[in-house]
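Q:
Residue numbers (the working numbering): 25 to 218.
#1: For the alpha helix (DSSP H) that contains residue 123, what are its first and last residues?
#2: Which same chain residues end up closer than 7 Å to residue 37 when comparing Cβ atoms and leaving out the 5 residues on each side of it in sequence?
#3: In the DSSP assignment, find the alpha helix (DSSP H) that holds residue 235 and state where it starts and stops.
#4: From residue 78 to residue 32, what distance separates their C-alpha atoms?
#5: Closest by CA to residue 144, which one among 211, 76, 95 and 70?
#6: Check for me: the beta strand (DSSP E) holding residue 139 runs from which residue to which?
#7: Check this for me: beta carbons of residue 153 and residue 120, under 8 Å apart or not?
#8: Can the beta-carbon of residue 130 be found less than 8 Å from the beta-carbon of residue 82?
#9: Would you decide whether residue 142 is buried or exposed? Buried here means 16 or more other CB atoms lie within 10 Å of its CB.
#10: Would residue 70 and residue 96 qualify as a contact pair, given that the criterion is a beta-carbon distance under 8 Å?
#11: Can you tell which of 80, 68, 126 and 197 has its C-alpha closest to the C-alpha of residue 106?
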C-alpha cells in the first residue's frame, strides 16, 4: 500500500519495516549468544585457515566490487568445537570486513604467532579499518554496547560478547589492540595461555 500513503506515511512504514528487521537480527544474535553458553562442546581437530578462507569468500561474493586483500596463514589446525569456533571466527571476520568498508583497499589478515614465554599459539584477526578509541577498551566485549554509531556501521552489539564467551568456553582468552583510524587486531588463544 505504499503508493496509497503520503511521504510521512511511507517514512513510518519504512521505519517500522527496518525496526522489525533489526529486531530479527537482535533475536538471532541473542540465540547465538545463548547457544555459545549452553551447547555441549564437541571437540574435533580441524583447519581454522580453511574455515577463515570460506568465510571471507562468502563476504567477497556478497560485494564483489570491494577491493579486499585477505591474507591467511595456511594450515592452522586447532582442537575445539567446530560449530562454535566458526561462529566466533565469523564474528571477528565480519567485523573486520564491516569496519574496513570505507577504506579504498581493505586489508584483513588471519594468522598465528607465538610468544617465547608462552608455548600456546595466539591467533589473530587484523584489519586496517576505522578502529576505536583506547578509552573504550573495557566496553568492547559488553553485550549491546556499540563502539560506533549505528548510522555509520550496522550491527547489534552482541557479536564480540559472543566471541568472548566461545573463546572462554574453550579455555582461552581474547584481547585487542586498536586506535581510531588505525585498524584493530583481535588476539585469542584456545585452551589456556595469556
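Virtual Cβ for every residue (Gly too), placed ideally from N, Cα, C.
A: The short version:
#1: Element bounds for residue 123: 106-123.
#2: These residues qualify, in order along the chain: 26 and 29.
#3: Residue 235 falls outside the range modelled here, since the chain spans only 25 to 218, and no answer is possible.
#4: Computed Cα separation, rounded: 43 Å.
#5: For the residues 211, 76, 95 and 70, the minimum Cα distance to residue 144 belongs to 211.
#6: Segment 130-139, the beta strand (DSSP E) holding residue 139.
#7: Against a cut-off of 8 Å, the Cβ pair of residue 120 and residue 153 comes out as a contact.
#8: No; because the gap between Cβ atoms is not below 8 Å, this pair is not in contact.
#9: When all chains shown are included, residue 142 counts as exposed.
#10: Not closer than 8 Å, so no.
#11: Closest by alpha carbon: 68.
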